[in-house]
Amino acid sequence: AEYDAVFIGRFHAQKGAVELIDIWKKVCARKNGSRLAMIGAGPLETVIRKKIGEYNLEKNISFFGFLDGIPKLEVFKKSRMVLHPAIYDSGGMAACEAMACGLPGVSFDLPALKTYYPQGMLKTACFDFEAFAANILRLLYDETLYQKLSCEALALVRENWDWNKRAEDIWNEVFKIKSPE
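Laid out in structure tokens, this is it:
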């Protein structure tokens, strides 16, 4: 893969994009030449770019701005995993899009993510950047774990987030006929 990992989301405090640069510095210290793709834009882009410069990570991190459709999928195809370093989360679907392409994820172990991403994603003790970096490296080096989580990611999307299945579940719930008791 061209990129060891991809981040997709708004460059906002909620999403952990600034913290990801600290995490990525730790990854690069242990795996020279690690590459991160960042898809998105937002109010913290200047802060993120400044931190990348301070850490001399310009060759390790590529910005793509906002992408949708085929261009976004092309970056996913060139990436090994999706990183979801959200600091607080209400169940955004950005990581799910990448997981639908078979990319396993790494996130913090936030309460909301236990429901949204119960599988296919390595959960990290909240805000432990060292452990987050270690989980990224585990997925890069442990092919068995990688394949297991990749399969789990695809299964999760198929079972929980497929539009046709969700529509059918809602339809059945709305029009459920109660049997006489």
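Mapping of the sequence shown onto this note's numbering: residues 3 to 183, in sequence order.
For glycine and all other residues, C-beta sits at the position ideal for the given N, C-alpha and C.
- For the 8 Å CB-CB criterion, residue 83 and residue 64 do not form a contact.
- Per DSSP, the beta-bridge partners of residue 63 are 38.
- For residue 110, there is no enclosing alpha helix (DSSP H); the enclosing beta strand (DSSP E) has its first and last residue at 107 to 110.
- Beyond the five residues adjoining it in sequence on each side, residue 30 comes within less than 7 Å, by CB distance, of 36, 59, 62 in the same chain, given in chain order.
- Going by C-alpha positions, residue 135 is about 31 Å away from residue 164.
- Fewer than three pairs of CB atoms, one per stretch, sit closer than 8 Å, so the segment 64 to 75 makes no contact with the segment 118 to 137.
- DSSP lists no beta-bridge partner residue for residue 169.
- Taken through DSSP and simplified to helix, strand or coil, residue 143 comes out as helix.
- Cβ neighbours of residue 108 within its own chain (closer than 6 Å, five residues either side excluded): 85, 124, 137, 138.
- The segment 40 to 51 and the segment 111 to 125 do not touch, with fewer than three beta-carbon pairs separated by less than 8 Å.
- Annotation: the continuous beta strand (DSSP E) that includes residue 7 extends over 7 to 10.
- Going by beta carbons, residue 91 and residue 114 fall inside the 8 Å limit.
- When only Cα atoms are considered, residue 146 and residue 104 end up about 14 Å apart.
- If you look at residue 159, you'll find it isn't in any beta strand (DSSP E); DSSP assigns it neither H nor E.
- Of the residues 55, 161, 162, the one whose Cα lies closest to the Cα of residue 24 is 55.
- Bounds of the beta strand (DSSP E) holding residue 123 are 123 to 126.
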